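**Q** Residue 0 is where the sequence shown starts when you use the working numbering, and the numbers rise one by one after that.
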Amino acid sequence: MDLRINSFAEYQDKYAQSVHDPEGFWDQIAQTFTWQKPYSKVLQWEFDTPKVKWFEGGKMNISENCLDRHLEERGDKVAIIWEPNEPGDEVIKWTYKELHQRVCQFANALKSQGIKKGDRVVIYMPMIPDLAVALLGCARIGAVHSVVFAGFSASAMADRINDAQAVAVITSDGLNRGAKQIDLKQIVDDALQHCSSVHTVIVKNCLGWKPAMVTGRDVSWEEAVRDQSTDCAPEPMDAEDLFFILYTSGSTGKPKGVVHTCGGYMIYAAYSFQNVFQPEENDVYWCTADIGWITGHSYIVYGPLLSGATSLMFEGVPTYPDAGRFWKVCDKHKVNQFYTAPTAIRALMACGNEHVQGHDLSSLKVLGTVGEPINEEAWNWYHHFIGKEKCPIVDTWFQTETGGIMISGLGAHSPMHATHAGLPLPGIQLVLLDKEGKEIKENEVEGYLCIKFPWPSMIRTTYGDHERCKQVYFSHYKGHYFTGDGAKRDANGLYRIIGRVDDVINVSGHRFGTAEIEDAINTNELVVESAVVGYPHEIKGQSIYAYVICNEAPSNEAEARESIIAVVSEQIGRIAKPEKIQFVSGLPKTRSGKIMRRILRKIAEGEADKLGDTSTLLDPSVVKEVVEGAL
Ligand code: PRX
């Protein structure tokens, strides 16, 4: 079961093998998992359609591979450590045996509620260990989970429920996030006013609030699991059966349901986890992401549990009750691998080094980052003050669509270069393409980051709309998956991600489509039109700048801004709120009516003197006004 590469030479060897004989390479790895029925073909693929099938004919179940497979050897080993929001509250530790029992019980509860294989289940929960049980319970019976981050609004949730035609929602009374509490059940009730597909809502008691329950629809988690057996046979799943849907933003207004399937996702989540983090048997691994994002799916739940590791889950936020919390938790649980986002590192760095002092961080062996480019200053701080210059930093690049980490160092085995994600993992055939779609083969170049060969955990479709998947990812450059990112390759072949080249803004490592935010702003009755761009932000990496045209110039700009923020919070969630809102009377447009975002981006970045060619604009005088009013 140990899939680890143990040296750089071995990495080079494995990489060459994975390109030379991809089927043989992945077959060897897949053989180490539990298959209820062996697969007959490792890979079949065609990018034009796209149609990709891994391990066809094989039957398996991920929850069986996460749990049952470990019971004999590691039944009493801790699978999940849960650190609550309040530092003094009780820590929960569940062994593999206990987690197995809870998952089986919950899986049986799902069945009793009439939920079956193939049904879509939306999960909207706090970062409590039961959230992992909810995912694994769905996996056990073959229900397709779609986790919605518990910071999204009722309206955003309703869109996702309707798109997935979900039959059930799993939630809780409320959640703790730092000093705040959020009424999750109320948000679910509001969302369900607009969803007719949901027949069941399971409500976990988290805060003791006893929310109102809708008869015939709502059931408490505790009641649902009571009297359920702690045995539940894992549903045999085809390797290519739908495993989960995770919604993410693209360049159009509507979030896409990224679909992952069972077999390939399983193999790649485990393989990438073990190689990037290099955990040893008794290590404690901590990823601070929320399970609502792909990082949490692959590197809190599935990768670690498939590998028999101990995964720490944290309910709170980095700055509560103070900016030393992460380091305090590392010290308390003797964390060995620590994985977080550059935005958190920058925020904690800004709070001062005194918060790091006094915490023993000597257990740390590997540090990771994910979600956005890390700047050199934050990288150096992380390396020096947290890793004490002893820990390699793995800067892991991946996407909701790739399912697992594609570019990263492998623990201490790889060359490390600040701000560079590094080399591709074995099996990942990256290329840089120029504007014409021609592969740039040399080093020390920049281009569009694409992938020219399938990997097991790749997106299979966008739920309910295969054409969209084809258009967005496989049509820009024939025969390639297009990531939407630009990247540089240095003299040694290491990749450095520059950022998105499409209309996606990455705020604190979370993706938002400009059109999605504009659509929300435009629902405000004051607003005629808007244009949104990203601009650099010291802590968040990027932040949102909105240019807004109103029916008439607002008499009270502060109030108008508040009401715009309110509609964005209502339609998407507070996480998508624009940091700056500038009221304008016109937007720079081409003669064909297309907004020239390049110009708006430059103005938001404070580089109005570098606007470039504006001669193709319909009305160049608009620019002057926008520049003069810039915030
Ligand atoms: O632009 C890249 C950025 O995040 C995007 C993917 O976002 P999402 O699907 O939400 O997944 C985030 C967590 C994997 C990418 O297209 N990104 C992710 N990791 C990195 C990164 N940019 C630079 N460096 C990274 N390590």
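Positions of the beta carbon are idealized from the N, C-alpha and C atoms, including for glycine.
All of these numbers come straight from a predicted model, not from anything done at the bench.
Quick one: give me the first and last residue of the beta strand (DSSP E) that ILE496 is part of.
**A** That run of the beta strand (DSSP E) goes 494-499.
**Q** How big is the Cα-Cα spacing for VAL102 and SER145?
**A** Near 17 Å, if we compare the C-alpha coordinates of SER145 and VAL102.
**Q** Going by beta-carbon coordinates alone, are VAL237 and LYS434 separated by less than 8 Å?
**A** Reading off the sequence, residue 237 comes out as Asp, not Val. Not closer than 8 Å, so no.
**Q** Sorted by chain position, which residues of the same chain lie with C-beta nearer than 7 Å to ASP701's C-beta, five sequence neighbours on each side aside?
**A** An answer regarding residue 701 cannot be provided, because it is not within the stretch 0 to 630 covered by the chain.
**Q** Beta-carbon separation of PRO341 and ILE299 under 8 Å?
**A** Not in contact: PRO341 and ILE299 (Cβ atoms no closer than 8 Å).
**Q** According to DSSP, simplified to helix, strand and coil, what is TYR546?
**A** TYR546: strand per DSSP, three-state reduction.
**Q** Return the chain-ordered list of same chain residues with a C-beta closer than 7 Å to the C-beta of ALA411, the five sequence neighbours on each side being excluded.
**A** So the qualifying residues of the chain are PRO391.
**Q** Going by Cα to Cα distance, which pick from ARG139, VAL18, PRO49 is closest to LYS469?
**A** Selected option, being the one with the closest Cα: PRO49.
**Q** I need the straight-line Cα distance from LYS36 to PHE54, nearest angstrom please.
**A** Straight-line Cα distance between these residues: approximately 11 Å.
**Q** Could you check the C-alpha separation between ALA552 and ASN523 for me, to the nearest Å?
**A** When rounded, the distance between both Cα atoms is 14 Å.
**Q** Reducing DSSP to helix, strand and coil, say where ASP26 ends up.
**A** Looking at ASP26 - three-state DSSP - the assignment turns out to be helix.
**Q** According to the neighbour-count rule (16 or more other Cβ atoms, all chains shown, within 10 Å of its Cβ), is LYS389 buried or exposed?
**A** With fewer than 16 other Cβ atoms within 10 Å, it is exposed.
**Q** Rounded to whole angstroms, what is the Cα-Cα separation between LEU448 and GLY370?
**A** Going from the Cα of LEU448 to the Cα of GLY370 covers about 16 Å.
**Q** Work out the CA separation of LYS451 and ARG510 for me, nearest whole Å.
**A** So the two alpha carbons sit approximately 24 Å from each other.
**Q** What residue from ASP20, ARG467, ASN64, ILE504 has the CA that sits closest to PRO233's CA?
**A** Considering only alpha carbons, the answer is ASN64.
**Q** Do three or more CB pairs link the segment 69-86 to the segment 187-204 at distances below 8 Å?
**A** Because the criterion of three Cβ pairs below 8 Å is not met, the segment 69-86 and the segment 187-204 do not touch.
**Q** Buried or exposed for ASN175, please, with buried defined as at least 16 other CB atoms from any protein chain shown within 10 angstroms of its CB.
**A** Buried, because 16 or more other Cβ atoms sit within 10 Å of the Cβ of ASN175.
**Q** Tell me, please, which residues DSSP counts as bridged to ARG510.
**A** Paired residue(s): ASN505.
**Q** Give the DSSP bridge partners of PHE337, in chain order.
**A** According to DSSP, PHE337 bridges with TRP285, LEU366.
**Q** How do the segment 498-507 and the segment 530-539 stand: do at least 3 beta-carbon pairs fall below 8 Å, yes or no?
**A** Taking 8 Å as the limit for Cβ pairs, the verdict is that the segment 530-539 does touch the segment 498-507.
**Q** Which same chain residues end up closer than 6 Å to SER306 when comparing Cβ atoms and leaving out the 5 residues on each side of it in sequence?
**A** Cβ neighbours of SER306 beyond the five flanking positions: ALA269, PHE272, GLN273.
**Q** Alpha carbon to alpha carbon, what distance is there between VAL121 and ASN204?
**A** Using only the alpha carbons, I get a separation of about 17 Å.
**Q** Can you find a heavy atom of ligand 1 that lies under 7 Å from the Cβ of GLN398?
**A** Yes, the Cβ of GLN398 comes within 7 Å of a heavy atom of ligand 1.
**Q** Answer with buried or exposed for LEU70, where buried requires no fewer than 16 other C-beta atoms within 10 angstroms of its C-beta.
**A** So LEU70 counts as exposed.
**Q** I'd like to confirm the pairing. Which residues does DSSP put opposite CYS449 in its beta bridges?
**A** VAL430, PHE481, per the DSSP bridge assignment.
**Q** Going by the CB atoms, is the gap between VAL200 and ARG216 shorter than 8 Å?
**A** Taking 8 Å as the Cβ cut-off, ARG216 and VAL200 qualify as a contacting pair.
**Q** Can you give me the start and stop residues for the alpha helix (DSSP H) that GLN104 sits inside?
**A** Here the alpha helix (DSSP H) through GLN104 covers 95-111.
**Q** Assuming contact is defined by CB atoms lying nearer than 8 Å, are ALA486 and LEU431 in contact in what I supplied?
**A** Yes, the Cβ-Cβ distance between ALA486 and LEU431 is below 8 Å.
**Q** Under a Cβ-count criterion, where at least 16 other Cβ atoms within 10 Å of its own Cβ denotes burial, should LYS601 be classed as buried or exposed?
**A** Its Cβ being crowded by 16 or more others within 10 Å, LYS601 is buried.
**Q** Indicate, with yes or no, if ligand 1 has a heavy atom lying under 7 Å from the CB of ARG488.
**A** No.
**Q** Using the rule of at least 16 other Cβ atoms within 10 Å of the residue's Cβ for burial, across every protein chain shown, is ARG590 buried or exposed?
**A** So ARG590 ends up on the exposed side.
**Q** Could you spell out the range, first to last residue, of the alpha helix (DSSP H) harbouring TYR267?
**A** TYR267 -> alpha helix (DSSP H) spans 261-276.
**Q** Would you list the residues sitting across from ALA167 in a DSSP beta bridge?
**A** According to DSSP, ALA167 bridges with VAL120, THR199.
**Q** Alpha carbons only, please: which of CYS194, HIS193, ASP162, ALA149 is nearest the one belonging to GLN180?
**A** Ranking the options by Cα distance to GLN180, first place goes to ALA149.
**Q** Pull the bridge partners of LYS487 from the DSSP assignment, please.
**A** Paired residue(s): GLU445, ARG495.
**Q** Tell me whether ASP394, by its Cβ, gets closer than 7 Å to a heavy atom of ligand 1.
**A** The answer is yes for ASP394.
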